[in-house]
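Undergrad: There's a structure below that I have some questions on.
There are 2 protein chains.
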Amino acid sequence: MSIRFSYISLGFSVAVALMLLSCVGHEGNEGQQRLTDPTAHPQLTLTLQGVEQIKTSLGQVPLFDQTLSDVIAEVDAELANGIEVPVPKDLAGGYTHERHKSNFFIMQKAGTLFQITGDDKYAVYLRDMLLAYAELWPTIGKHPAERSYARGKLFWQCLNDANWLVYTSQGYDCIYDWLDVPTREKLNKELFRPYAEYVSVENPQFFNRIHNHSTWGNAAVGMIGLVMDDEELINWSLYGLDIEVPGDIVKDNDGGDIKLEGQKEAGFLAQIDHSFSPDGYYTEGPYYQRYAMYPFLIFAEGLANKKPELKILDYRDGLLIKAINTLINQTNSAGEFFPINDSQKGMSLASRELVSAVSIAYYYGGNDPGLLSIVEDQGRVPLNNAGLASAKAVAEGKAKKYQYKSMELADGAAGDEGAIGILRADDLTLVMKYAKHGMGHGHFDRLGFLLYDETGEVIQDYGAARWVNVEHKDGGGYLKENRSWAKETVAHNTLVVDKDSHFDGNVKKADQTAGMPYYFLSGDDVQIVSAKEQNAYPGIDLQRTMAVVRIEELESPLVIDLFSVQAPEGSRYDLPLYYVGEFMSSNQKFQTNNVLSPMGKESGYQHLWAEAQTTLEGDVFSMTWFNKKKFYTVTSVVELGDEMILTRIGANDPNFNLRRDPGLIHRRTGGNTVFASLYEIHGSYDYASERPLNSFTSVATMKILHQSEAYVVVQFQLKTGERYQFACSLLNDSKTAKHTVEDANGQWQWQGIYNLKKNI
Amino acid sequence: MSIRFSYISLGFSVAVALMLLSCVGHEGNEGQQRLTDPTAHPQLTLTLQGVEQIKTSLGQVPLFDQTLSDVIAEVDAELANGIEVPVPKDLAGGYTHERHKSNFFIMQKAGTLFQITGDDKYAVYLRDMLLAYAELWPTIGKHPAERSYARGKLFWQCLNDANWLVYTSQGYDCIYDWLDVPTREKLNKELFRPYAEYVSVENPQFFNRIHNHSTWGNAAVGMIGLVMDDEELINWSLYGLDIEVPGDIVKDNDGGDIKLEGQKEAGFLAQIDHSFSPDGYYTEGPYYQRYAMYPFLIFAEGLANKKPELKILDYRDGLLIKAINTLINQTNSAGEFFPINDSQKGMSLASRELVSAVSIAYYYGGNDPGLLSIVEDQGRVPLNNAGLASAKAVAEGKAKKYQYKSMELADGAAGDEGAIGILRADDLTLVMKYAKHGMGHGHFDRLGFLLYDETGEVIQDYGAARWVNVEHKDGGGYLKENRSWAKETVAHNTLVVDKDSHFDGNVKKADQTAGMPYYFLSGDDVQIVSAKEQNAYPGIDLQRTMAVVRIEELESPLVIDLFSVQAPEGSRYDLPLYYVGEFMSSNQKFQTNNVLSPMGKESGYQHLWAEAQTTLEGDVFSMTWFNKKKFYTVTSVVELGDEMILTRIGANDPNFNLRRDPGLIHRRTGGNTVFASLYEIHGSYDYASERPLNSFTSVATMKILHQSEAYVVVQFQLKTGERYQFACSLLNDSKTAKHTVEDANGQWQWQGIYNLKKNI
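Structure follows, in structure tokens:
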């Protein structure tokens with residue numbers, strides 16, 4: 001099926017594009033008529049008016065021109081390569097999967113280039129590839145790989161088939177008016193309508209859910225519906241199908257329920273209603289929000305252009321635009337998303353979805369100049385109106401540094417089902433999760449936290465056990481260690497009681513409740529996030545209060561961590577801490593093990609080696625580690641009998657799927673108790689100067705002065721002598737209530753939820 | 001002793017420096033006379049003429065101005081802080097150590113600033129600090145820490161005392177003429193002369209060796225001798241002491257011999273004679289060469305200025321300048337030195353020693369514009385003539401990219417004691433070591449290799465087990481795991497026979513011989529390094545031949561590795577490979593271990609866990625790993641009974657001093673044999689696009705067609721069908737000899753040492 005001979009690269013500079021434009025010339029009266037014809041294409045992400053603006057701006061907007069050059073180079077290379085539309089066979093990472101995936105990206109780009117450059121070669125290539133797909137489609141059944149709950153035809157799962165249609169619709173839109181009528185009708189009838197039916201009515205268990213898979217399905221069907229003016233498809237996409245999902249398919253491949261209890265609605269509008277909280281938080285977390293945002297936004301753009309009467313971008317108070325900012329705020333200083341829930345680490349603002357989204361947010365969302373600094377970092381823009389606008393603004397020097405702020409992002413459609421709290425101070429970012437479980441992609445990590453500084457991770461979340469699309473690793477899908485390790489509580493920086501994960505590792509139970517926000521304070525010198533969890537373990541109340549405070553004697557903000565537990569005597573607590581870096585020293589003497597065996601048989605413990613352990617002595621445990629160029633110290637209050645275990649991930653890992661990362665486990669047996677710790681970021685060292693600065697902790701000691709169900713009061717003293725006391729009310733969140741706490745250790749009085757005092 | 005009040009920062013811009021210059025004005029006739037007075041100071045690294053040139057260039061040379069601003073800011077902060085000259089107490093990393101170290105850097109800089117800005121405050125500060133040292137010196141004995149073979153007074157070892165004197169001499173030189181005569185005489189008599197005697201005649205075991213420690217000692221004594229015009233000190237420094245080293249001190253702290261057999265000479269000139277090979281290679285390796293270069297070059301600059309009749313920079317055909325280029329060529333693409341022998345990884349061209357050295361090489365070594373790109377990367381220059389010249393050239397746009405080339409660097413004073421071979425092709429760098437042992441800092445790694453690409457390490461050397469200057473880690477000195485792990489053969493990518501390190505781990509035996517270069521070919525499509533080792537194991541001959549070849553079907557150059565062994569039947573071979581990254585997949589099925597125990601009791605095996613192992617099946621072993629953004633595959637020919645072990649470093653490591661790095665061990669029992677492997681660099685993957693490209697090996701199979709003492713012939717076939725044969729003559733290195741090899745597998749004929757053929 002190679003047509004290699006017919007596409008000779010003409011070079012790929014904007015100069016060429018300009019030359020081509022001058023050849024095709026202006027369209028005169030006919031062009032003017034088309035500009036006002038509501039049935040004229042393109043009408044999804046490109047519009048006739050938009051294309052005209054782009055053409056007149058070429059050569060004047062560097063970021064746009066550069067992107068255009070890159071895309072021309074990429075597409076021309078594919079043209080030179082010829083068309084390949086193989087019979088589907090492989091899983092993700094394999095040849096046929098990657099080829100069809102590459103094809104849809106290229107078809108979308110080829111369509112765009114046809115519109116911008118007017119060069120027929122792109123339209124011819126796209127048409128011929130579509131005709132090849134039209135030949136293939138009727139000849140193939142379901143994809144031969146049988147692992148999906150909703151097998152696709154081109155791909156192993158409908159999700160990827162929907163991806164194909166979302167992108168390909170955009171390309172098709174660009175050549176729709178250029179095609180001769182018989183070809184267009186052939187493609188509509190023999191390829192696109194059956195394709196759209198396949199990913200909708202033929203697979204309602206895929207299409208009719210409230211889930212990111214269905215968002216892709218809805219957008220796919222809706223976008224091709226818009227192109228073909230097929231109102232039935234558009235209606236399916238917006239409002240869902242009136243079809244019962246066959247009863248035998250109840251779970252997707254990630255363990256998520258196909259039908260949520262009480263769910264009646266489906267379709268794109270219902271996705272917007274149910275997928276996001278009023279804060280624009282997406283319950284599966286930022287990794288999947290990034291993935292889901294693309295169909296949300298690209299279909300919304302299409303609807304805004306073709307069906308402006310829907311006012312889709314204003315829907316739910318402009319939630320789609322807000323959600324982009326929410327997503328940006330869930331990144332560290334390198335622009336990488338917080339890897340909560342199932343997330344491959346390293347996914348970032350550099351992704352194609354965000355390249356599209358950030359320009360949309362700029363263009364439709366009030367021209368925030370902070371977004372332009374992200375566009376600059378991305379180094380490319382979408383080749384459409386939004387991309388042109390943001391690239392122009394960058395060229396005009398309007399970019400400002402994006403201002404990350406501390407914020408609490410509520411979860412749940414009504415915003416009343418938990419939240420994540422993000423505290424930022426200087427280069428420090430602390431994230432605490434007390435949101436909903438996150439459905440099939442959720443982890444059992446209530447009250448877990450992550451800590452970053454400008455070097456990256458300080459206290460890490462493992463992320464997902466997965467190499468997305470990498471065929472070496474079980475076809476690029478979720479690895480079995482994702483369930484047996486990455487989702488389990490012991491893999492997170494939160495409390496494990498009696499060696500069992502939260503909710504006994506049951507997704508259904510976890511999905512029914514959310515963490516309870518208790519207090520959130522953003523500000524300057526003292527910032528606090530506090531939340532409760534009363535469902536993870538029956539009969540046990542957990543509350544974690546984390547404060548980021550500026551201490552004048554310290555070079556970086558200090559993190560105070562108070563994890564309170566109300567539980568029956570004899571409970572066994574394990575509190576892991578996944579520090580990132582190399583162990584430097586501890587004030588405790590560890591016994592290392594000369595024989596390693598797994599720490600347990602289930603709940604994730606089967607994947608941990610105990611490299612060393614000790615029964616803690618003295619008032620505090622202290623350990624310093626080093627990473628990249630800085631030192632970090634954890635200081636924790638010791639209770640009699642406490643143990644500390646130095647762990648290493650990697651036991652029971654037959655395919656070497658897990659990273660050999662280190663961790664600490666603070667182990668205690670007791671009833672009501674508080675784990676109190678400080679996390680310090682300090683000093684520096686680099687390998688060229690070999691000069692360590694401030695490599696030791698500044699904390700001399702720490703103690704818990706009072707702990708009860710209602711209050712906790714801690715004190716820490718610096719080596720320079722200053723003493724600090726931090727008190728917190730755990731039951732009364734009134735900002736004005738006065739508290740008096742008195743016990744054998746002393747008496748404390750304060751007003752409001754917390755109190756930080758120096759040298760009392 | 002604080003004189004905080006007297007130094008008020010005046011700001012620290014070049015503008016201020018210029019302002020100060022305009023205040024001090026020109027020196028008129030008196031200045032002209034001084035310029036021609038041979039006794040006038042400064043005369044070491046700064047000269048009166050040089051200072052004049054610098055003054056007239058201020059504000060015109062950005063890199064110089066920027067460095068000056070930075071240094072003014074740094075020194076002014078110290079001035080504001082006041083003088084601290086504590087009684088010596090701590091080891092490296094501790095307060096008194098770091099304070100005295102900081103003081104000598106600042107004194108050198110303060111002197112320089114006095115010369116450049118003419119501001120008396122720098123001279124006053126420096127004088128007062130020197131007077132504080134003059135007070136301290138007579139009151140202190142040897143440093144209280146007793147671990148050094150040559151205890152210092154300010155520091156735990158004489159080496160650091162010598163560092164102090166090398167830097168402080170430069171500062172003293174700058175204010176020498178400014179001081180009143182009584183102060184100068186007091187400092188000369190009560191501080192500097194006794195100090196110089198301490199690090200020379202009072203510690204001949206430190207001063208009178210051929211060793212980098214002694215180079216520092218020689219330079220220290222020589223430089224202060226030049227400043228004070230003390231010919232006795234200068235003679236000691238140049239020619240060594242006529243003193244017998246006391247017989248009871250025979251080893252230094254790193255296990256090096258104090259007196260080398262047959263060594264008669266000592267002093268600076270002898271260091272140049274013996275420390276470098278004619279290629280400018282330093283036997284301890286680049287990490288120590290970098291460290292040693294500073295005193296070599298800085299003292300040489302002083303000698304060139306004060307005693308031009310010595311023609312020190314022409315000595316041994318300009319070896320000191322050549323050695324800088326040799327050092328630069330021992331870096332990877334990030335400018336980091338190859339970590340052979342004892343080396344802390346990450347030390348690089350960014351170090352202060354190289355900032356000084358590269359400008360010296362530019363200024364005195366023929367103005368190579370390639371050096372200027374390194375100066376640009378360094379982002380700072382030394383504040384002297386050489387620095388001014390290179391900064392000016394950068395400002396004039398003369399910089400070109402430094403051209404790394406393949407080269408063999410001979411070891412040994414006469415260049416006949418082994419070598420290291422460096423092959424470079426595109427972004428690939430292969431380093432093979434068959435040099436001398438490297439004395440006390442040597443590792444037992446004959447025929448070991450390292451592999452880099454543009455992302456960094458592909459196949460790593462562990463480097464040293466040490467955190468230089470980091471007090472957490474045993475005071476920043478060598479850790480005991482440096483000897484028990486990092487030096488041992490199994491820690492390197494070379495052959496271990498019968499579980500014992502080369503030379504039975506005996507430094508003295510190892511120092512007596514060197515590897516034997518056999519063949520080195522640099523070029524374009526085929527590059528080869530081949531060397532023999534006949535002493536590491538008695539009665540066993542080793543030869544390793546590594547080729548870097550361009551294969552048109554592959555995206556990156558391919559490495560062919562043929563390790564031939566002539567040994568008695570029943571020898572047990574372990575060939576480790578320390579790949580860097582995450583295991584992706586293998587064509588073999590490994591059995592993972594649920595209980596880990598150390599792989600042995602000695603020779604480094606006590607630090608290895610066997611995570612998994614298998615008896616190899618089929619013709620080849622193949623394993624792919626991923627790191628940063630690329631895939632890598634090793635393919636090795638399997639002999640019947642071969643085993644492969646997946647290892648992890650970290651057993652018997654009570655203080656968590658070792659990195660948990662992975663490795664492979666190819667295990668075989670036999671007699672004469674060849675280990676044949678290919679290393680491929682292929683494909684890409686990034687976390688924002690999640691799209692793997694070319695993630696699988698292109699090699700279908702590999703076999704050894706012929707192996708004997710005289711020849712090895714291997715064949716490998718690509719998945720695309722092409723077959724390649726590589727033949728090598730192991731005994732006859734004639735480039736014209738004709739070879740015919742015939743055995744049951746076939747017949748091969750070629751001319752010269754090697755032959756690479758396609759599709760025969």
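In order, the protein sequences belong to chains Z and B. 103 is the number that full-length UniProt numbering gives to position 103 of the first sequence; each next residue is one higher, with no gaps. 468 is the number that full-length UniProt numbering gives to position 468 of the second sequence; each next residue is one higher, with no gaps. Virtual Cβ for every residue (Gly too), placed ideally from N, Cα, C.
To test your reading of the DSSP string, which unbroken beta strand (DSSP E) runs of 3 or more residues are found completely within the segment 392 to 456 of chain Z?
TA: Fully enclosed beta strand (DSSP E) runs of 3 or longer: 407 to 410, 419 to 425, 428 to 434, 448 to 453.
Undergrad: Identify the continuous alpha helix (DSSP H) that holds B/Trp164 and give its terminal residues.
TA: 158 to 175 is the span of the alpha helix (DSSP H), which, as asked, contains B/Trp164.
Undergrad: In three-state terms, what does DSSP make of B/Asn759?
TA: Coil at B/Asn759, not helix or strand.
Undergrad: Roughly how many angstroms lie between the CA atoms of Z/Lys311 and Z/Pro339, to the nearest whole one?
TA: About 33 Å.
Undergrad: Output the distance between the C-alpha atoms of Z/Val394 and Z/Lys401, rounded to the nearest integer angstrom.
TA: Going by the C-alpha atoms only, they are around 12 Å apart.
Undergrad: Closest Cβ-Cβ distance between B/Ser2 and chain Z: below 8 Å?
TA: Any reading at B/Ser2 must be qualified, since the residue scores a pLDDT of 33, below 50, and its modelled position is unreliable; no value is offered.
Undergrad: Taking the Cβ atom as the reference point for each residue, do Z/Leu664 and Z/Leu646 lie within a distance shorter than 8 Å?
TA: Yes, Cβ-Cβ distance for Z/Leu664 and Z/Leu646 is below 8 Å.
Undergrad: Could you list the residues in the segment 669 to 702 of chain Z with a C-beta less than 8 Å from some C-beta on chain B, going in chain order?
TA: Cβ contacts with chain B come from Tyr685, Asp686, Tyr687, Ala688, Ser689, Glu690, Arg691, Pro692, Ser695, Phe696.
Undergrad: Do the segment 160 to 172 of chain Z and the segment 109 to 117 of chain Z make contact, defined as three or more Cβ pairs closer than 8 Å?
TA: Verdict: yes, contact present.
Undergrad: Under 8 Å, Cβ to Cβ, is there at least one residue of chain Z near B/Thr592?
TA: By this cut-off, B/Thr592 is an interface position.
Undergrad: So the candidates are B/Ala612, B/His41, B/Phe449; which of them puts its Cα closest to the Cα of B/Gln591?
TA: For the residues B/Ala612, B/His41, B/Phe449, the minimum Cα distance to B/Gln591 belongs to B/Ala612.
Undergrad: What's the call for Z/Met1, buried or exposed, on a 16-neighbour Cβ count within 10 Å?
TA: Residue placement at Z/Met1 is poorly supported in this model, since its pLDDT is 36, which falls under 50; the coordinates still yield a value, given next. Exposed: under 16 other Cβ atoms inside 10 Å.
Undergrad: Mapping DSSP to helix, strand and coil, what is B/His143?
TA: The answer is coil: DSSP assigns B/His143 none of H, G, I, E or B.
Undergrad: Assign Z/Trp748 to one of three DSSP states: helix, strand, or coil.
TA: The answer is strand: DSSP assigns Z/Trp748 an E or B state.
Undergrad: Cα separation between Z/Thr633 and Z/Ala676?
TA: Rounded to whole angstroms, Z/Thr633 to Z/Ala676 spans 14 Å at the Cα level.
Undergrad: Is the segment 315 to 331 of chain Z touching the segment 446 to 453 of chain Z in the sense that three or more CB pairs, one from each, lie closer than 8 Å?
TA: These segments do not touch.
Undergrad: Can you say whether B/Arg147 is buried or exposed, counting buried as having 16 or more other CB atoms within 10 angstroms of its CB?
TA: Looking at its Cβ environment, which holds fewer than 16 other Cβ atoms inside 10 Å, B/Arg147 is exposed.
Undergrad: Classify B/Asp161 as buried or exposed, calling it buried when 16 or more other Cβ atoms lie within 10 Å of its own Cβ.
TA: So B/Asp161 ends up on the buried side.
Undergrad: Exposed or buried, residue 768 of chain B, counting other C-beta atoms within 10 Å across all chains shown (16 or more means buried)?
TA: Residue numbering for chain B in the displayed model covers 1 to 760; residue 768 of chain B lies beyond these limits and cannot be assessed.
Undergrad: Which residues of chain Z have a Cβ atom closer than 9 Å to the Cβ of B/Lys624, listed in chain order?
TA: Going by the sequence as given, residue 624 of chain B is Thr instead of Lys. Per Cβ cutoff of 9 Å: His472.
Undergrad: Mind pulling the beta strand (DSSP E) runs of 3 or more residues that sit fully within the segment 34 to 112 of chain Z?
TA: None, since the segment 34 to 112 of chain Z contains no complete beta strand (DSSP E) of that length.
Undergrad: Just to confirm the assignment, what range does the alpha helix (DSSP H) spanning Z/Ala231 have?
TA: One detail in the question is off: residue 231 of chain Z reads as Glu in this sequence, not Ala. First-last of the alpha helix (DSSP H) with Z/Glu231: 231 to 239.
Undergrad: Give the residues of chain Z in contact with B/Met347, contact being defined as C-beta atoms less than 8 Å apart.
TA: Result: Tyr687, Ala688, Glu690.
Undergrad: Under 9 Å between beta-carbons, which chain B residues line up against Z/Gln344? List them in chain order, please.
TA: Residues of chain B passing the Cβ test: Tyr687, Glu690.
Undergrad: Can you list the beta strand (DSSP E) stretches of 3 or more residues lying completely in the segment 585 to 640 of chain B, in chain order?
TA: Those beta strand (DSSP E) runs which fall completely within the segment 585 to 640 of chain B and span 3+ residues are 608 to 615, 620 to 627, 630 to 637.
Undergrad: So, with DSSP's three-state summary, where would you put B/Val24?
TA: Note on B/Val24: pLDDT 46, under 50, position unreliable in the model; the coordinate value appears next. In the structure shown, B/Val24 sits in a helix (DSSP, three-state: H, G or I).
Undergrad: Quick one: give me the first and last residue of the beta strand (DSSP E) that Z/Val713 is part of.
TA: It spans 711 to 718 - the beta strand (DSSP E) in which Z/Val713 sits, taken as one unbroken run.
Undergrad: Give the interface partners of Z/Ala350 over in chain B, defined as CB-CB distance under 7 Å, in chain order.
TA: Per Cβ cutoff of 7 Å: Ala688.
Undergrad: Please report the Cβ distance between B/Ala514 and B/Ala435, rounded to the nearest whole angstrom; I am assuming they are in contact, meaning their Cβ atoms lie under 8 Å.
TA: Sure, about 6 Å apart at Cβ, within 8 Å.
Undergrad: Are Z/Val549 and Z/Leu423 close, meaning C-beta to C-beta below 8 Å?
TA: Contact flag unset, no.
Undergrad: For a test of the three-state rule: what should DSSP assign to B/Glu533, helix, strand or coil?
TA: Looking at B/Glu533 - three-state DSSP - the assignment turns out to be strand.
Undergrad: Is the beta carbon of B/Ile83 less than 8 Å from the beta carbon of B/Val166?
TA: The answer is no: Cβ separation not under 8 Å.
Undergrad: Near B/Gln330, what residues of its chain come up, given a Cβ to Cβ distance below 7 Å and the 5 sequence neighbours on each side ignored?
TA: Contacts found: Pro286, Phe337, Phe338.
Undergrad: Indicate the three-state DSSP secondary structure (helix, strand or coil) for B/Leu179 in the structure shown.
TA: Reduced to three states, the DSSP call for B/Leu179 is coil.
Undergrad: Is there a Cβ from chain B that is less than 8 Å from the Cβ of Z/Asn755?
TA: Cβ-Cβ to chain B under 8 Å: no for Z/Asn755.
Undergrad: Please specify which runs of the beta strand (DSSP E), each continuous and at least 3 residues long, are wholly inside the segment 450 to 528 of chain B, giving them in chain order.
TA: Complete beta strand (DSSP E) runs here, min 3: 456 to 459, 516 to 521.
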